[in-house]
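Protein sequence lines, in the order shown, are assigned to chains B and U.
Position 6 (the first sequence) corresponds to 6 in the working numbering; numbering is contiguous.
Position 111 (the second sequence) corresponds to 1111 in the working numbering; numbering is contiguous.
Remarks on the structure that follows.
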Amino acid sequence: MTEAASHLPASRLGGSDIRTISKVDVGLKRRYAAERRFRAFGLAAVTIAICFLAVLFGSIIGRGYTAFQQTRITMMVDFDAGIIAPDGDRTSAAVMSGDSFRFDDLIAASLQRTLELDPNDEDGLYDGLDLLSKGSAPLLRTMIAKDPSLIGTKRTVDFYATGDVDAFVKGSIRADIPESQRLIKDKHIALIDRLEKEKALHLAFNTGLFTNGASTRPEMAGVGVALVGSLYMMLVVLALSLPLGVAGSIYLEEFAPKNRWTDVIEVNINNLAAVPSIVYGLLGLAVFINFAHLPRSASLVGGLVLTLTTLPTIIIATRAALKAVPPSIREAGLGVGASKMQTVFHHVLPLAMPGVLTGTIIGLAHALGETAPLLMIGMKAFIVDYPTTPFDPATALPTQIYMWATEPERAFSERTSAAIIVLLVFLLAMNSIAIVLRRAFERRW
Amino acid sequence: MSAVQAATPFETVRTPDPANRPIKVHTAKVKVTYGQKEALHGVSIDIAEKAVTAFIGPSGCGKSTFLRCINRMNDTIAGARVEGKITLDEQDIYDPDLDVVELRARVGMVFQKPNPFPKSIFDNVAYGPRIHGLARSKADLEEIVVTSLQKASLFNEVKDRLSEPGTSLSGGQQQRLCIARAIAVSPEVILMDEPCSALDPIATAKVEELIDELRANFTIVIVTHSMQQAARVSQRTAFFHLGHLIEEGPTDHVFTNPLEQRTQDYITGRFG
């Protein structure tokens, strides 16, 4: 090709070296091949991700589902007034005070009756008591204290079996290993079989998992306190981070002058979102507990710390949602004489609402699963009683999982998985709410 | 070349108004700078009351910028600075004591792209009267909405579906809804920034017809890229070029007998 021709592309049309689509066909094939390859990679990535997810859910549910059932031993209890209230005082206070062994006597008596034991057969009685949770007597005591009218009546009561009996009934402890290596001895197996035949020993839905607090006896341990603690924390986080985050973003996005200061603030907020959460835990420990002297292990402090970790997420999501509102809406508002604030609150914010709510709920879901900062402020204590206010000591779901994960007993390990399932259900529920709210608030423009 | 123009004193070619209409908006040496860049180099023009004034000129000539000075919409753009003087009925609109919200109620605006609120047709029109407290009762408000829609020649098309979202209307109807929304607060001046550029010819014809009707009650300033439109709807035309007001005068005069070479070149399509 001559130099003159190169300046005149039209002249190339007459030449013999015309590049037509039939000549570059090879390139076309290569393009299609690249596209097919890319799709295959994408499909493979999605498949692998789904496989991992399936394995994760499979293993957690496989390990944890048994915890939703618990072995119970049903026995007729004679609430003997002579034993429970020897001095005739039948009030709750009287039940809760005094000798605690009298409730063990009640249980021993009903066990003797159930197993039709000779009153002098001490070995038989102790073998039977081995099956019952050591928490049975305190349970019976609080049950009577709650309802003193039980005194003097006869009722059937569902007692908890010990964690080992529970594991045996669920098949985790197998009978075919040598007795010396087995936690459940042959005599216990015989008793279990007998009670099962008499329908006294059975599996029932484990309500205690959701209502009980921490316990050293795995069969009595539950996520109740952790659930309440997590709930309080979420309320604190919602009450603080939503208004603060949304107000902050509205100011930064709509009102603040665009200068170096706001740039610095913006960069810092983005960086704060990436700060490891344990650092927020240390900050909370130093500021809220050591400086402000707020109570240790309290869900209020947990909520405050999680508010700090959630705020950047909410601010970033809200600012993105506000940015996505077309400027024509702002102009329309200002154009009819609405003030800046009226424009923002009447027109911009409603349009940004789906994004704001999604961001908030995703932030809350993050906060719900956050563990590290809670460890720093002491929310992994052994808490038996329900916290009545956010100022009382409590644990949270993730820290409860963390604590149970370190226990060796079979009943604790299945409870670990069960607690993870509960946490996942909550996260799924929150994400579904986010989707529903998004749909409800979505409007076209 | 533009730097040289900016430096030399510039004189706008003016042809006075034969109808001798009173002056509604008066501007003197209005300069607008965005950061370091001067977009308008001192524009002085008198806008006649109850007439349509068209601003024409090639893209980027500053006509929209100038339009947005008249209701201080440039205030919302970061880094924009306005110098010079603009008065509305002899009142300085850049006076620090002047309430910009009140100004925008007196000087309404219709934008290039129809931008109804994502609310019902009724609420779109009722929004302005509501925030300004123009209606004393519900019946009052309904009357304002109905008359505004009637004035915007939209009422007959939407009277059965006032509760439907404004965004469900067609483009032309949406633009007339925006005009109804602007009229509803009874402004004195209506600024229109290329109101028909997103509309098809039939919708455009309807909006133009509407503009002609509105002239009886409102002072209208319209920015347009269509010279035919300017010729059809306006009584006075101002030609902008590179941040200067080159020529202004009665529309028929500017189009048939421009005094400036650049105006002549633009309207005959030699550049722009």
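Even for Gly, the Cβ is constructed at its ideal location relative to N, Cα and C.
Let me know if Pro1114 of chain U comes out buried or exposed under the rule of 16 or more other beta-carbons within 10 Å of its beta-carbon.
buried
For Ser215 of chain B and Phe382 of chain B, what's the separation of their Cα atoms in angstroms?
8 Å
Taking a contact to mean a Cβ-Cβ separation below 8 Å, would you say Ala1238 of chain U touches Phe1117 of chain U in this structure?
no
Please decide whether Gly1128 of chain U counts as near chain B, where near means a Cβ-Cβ distance under 8 Å.
yes
Own chain residues within Cβ distance below 6 Å of Ala226 of chain B, not counting five before or after
Thr395, Ala396, Leu397 and Gln400
Reduced DSSP secondary structure (H/G/I, E/B, other) of Tyr386 of chain B:
coil
I'd like the list of long-range same chain contacts for Asp105 of chain B, defined as Cβ closer than 6 Å, with 5 residues on each side in sequence excluded.
Ile83
Less than 8 Å between CB atoms is the rule here; does Leu252 of chain B satisfy it with respect to chain U?
no
Are the C-beta of Gly1249 of chain U and some C-beta of chain B separated by less than 8 Å?
no
Proximity winner among B:Leu368, B:Gly335 and B:Gly359, relative to Gly302 of chain B (alpha-carbon distances)
B:Leu368
So, for Ser6 of chain B: in the same chain, excluding its five sequence neighbours on each side, which residues have a beta-carbon less than 7 Å away from its beta-carbon?
The predicted position of Ser6 of chain B is uncertain, since its pLDDT is 45 and thus under 50; no value can be drawn from it.
Residues near Lys1031 of chain U by beta carbon distance below 7 Å, same chain, minus five either side
Glu1038, Leu1040, His1041, Gly1042, Glu1083 and Gly1084
At the 8 Å Cβ level, is Val325 of chain B part of the contact set with chain C, yes or no?
Protein chains in the displayed structure are B and U, and chain C is not among them.
Determine the DSSP secondary structure at Ala1007 of chain U, reduced to helix, strand or coil.
Any reading at Ala1007 of chain U is ruled out, since the residue's pLDDT is 43, under 50, leaving its predicted position unreliable.
Where does Ser1120 of chain U sit, in a helix, a strand or coil, going by DSSP?
strand
If Cys1061 of chain U and Leu1191 of chain U are in contact, beta carbons under 8 Å, what's the gap, nearest whole angstrom?
Their Cβ separation, rounded to whole angstroms, is 17 Å, which puts Cys1061 of chain U and Leu1191 of chain U out of contact at 8 Å.
So is Cys51 of chain B buried or exposed if we call it buried at 16+ other beta carbons inside 10 Å?
exposed
Within the segment 1174-1262 of chain U, note down every full beta strand (DSSP E) run reaching 3 residues or more, in order along the chain.
1189-1193, 1219-1223, 1236-1241 and 1244-1250
Where do the N-terminal and C-terminal ends of the beta strand (DSSP E) with His988 of chain U fall, by residue?
Residue 988 of chain U lies beyond the stretch modelled for chain U, which goes from 1001 to 1272, so this question has no answer here.
At a Cβ threshold of 8 Å, is Thr355 of chain B touching chain U?
The amino acid at residue 355 of chain B is misidentified as Thr; the sequence shows Gly. No, Gly355 of chain B does not count as interfacial toward chain U.
Give the DSSP-derived three-state secondary structure of Glu1038 of chain U in the structure shown.
strand
Would you call Lys1151 of chain U buried or exposed, if buried means 16 or more other Cβ atoms sit within 10 Å of its Cβ?
buried
Which of helix, strand or coil does DSSP assign to Ala298 of chain B?
strand
To which residues does DSSP link Ile1056 of chain U through a beta bridge?
U:Phe1239
Would the segment 1162-1180 of chain U count as touching the segment 1198-1205 of chain U if we require 3 or more Cβ pairs under 8 Å?
yes
Which complete alpha helix (DSSP H) runs does the segment 1100-1158 of chain U hold, if anything under 4 residues is left out?
1100-1106, 1121-1132, 1138-1151 and 1155-1158
Relative to chain U, which residues along the segment 307-339 of chain B have a C-beta separation below 8 Å, given in chain order?
Pro326, Ser328, Ile329, Arg330, Glu331, Ala332, Gly333, Leu334, Gly335, Val336, Gly337, Ala338 and Ser339
So, is the C-beta of Gln1115 of chain U closer than 8 Å to a C-beta in chain B?
Looking at the sequence itself, residue 1115 of chain U is Asn, so the reference to Gln does not match. It does: the Cβ of Asn1115 of chain U has a partner Cβ on chain B nearer than 8 Å.
Between which two residues does the beta strand (DSSP E) harbouring His202 of chain B extend?
Leu201 to Phe205
What residue does the alpha helix (DSSP H) around Thr211 of chain B start on, and which one ends it?
Gly208 to Thr211
Interface residues of chain B facing Ala1231 of chain U [CB-CB closer than 7 Å]:
Within chain B, no residue comes near Ala1231 of chain U; the closest Cβ sits about 27 Å away, beyond 7 Å.
Count the other C-beta atoms from every protein chain shown that fall within 10 angstroms of the C-beta of Ile435 of chain B, then say buried if there are 16 or more, exposed otherwise.
exposed
Assigned secondary structure, Ile433 of chain B (DSSP; H/G/I helix, E/B strand, else coil):
helix
Going by DSSP, name the residue or residues bridged to Ile1045 of chain U.
U:Thr1027
Is the distance from the Cβ of Gln1229 of chain U to the Cβ of Cys1196 of chain U below 8 Å?
yes
Cα-Cα separation, Ala1105 of chain U to Ser1168 of chain U
26 Å
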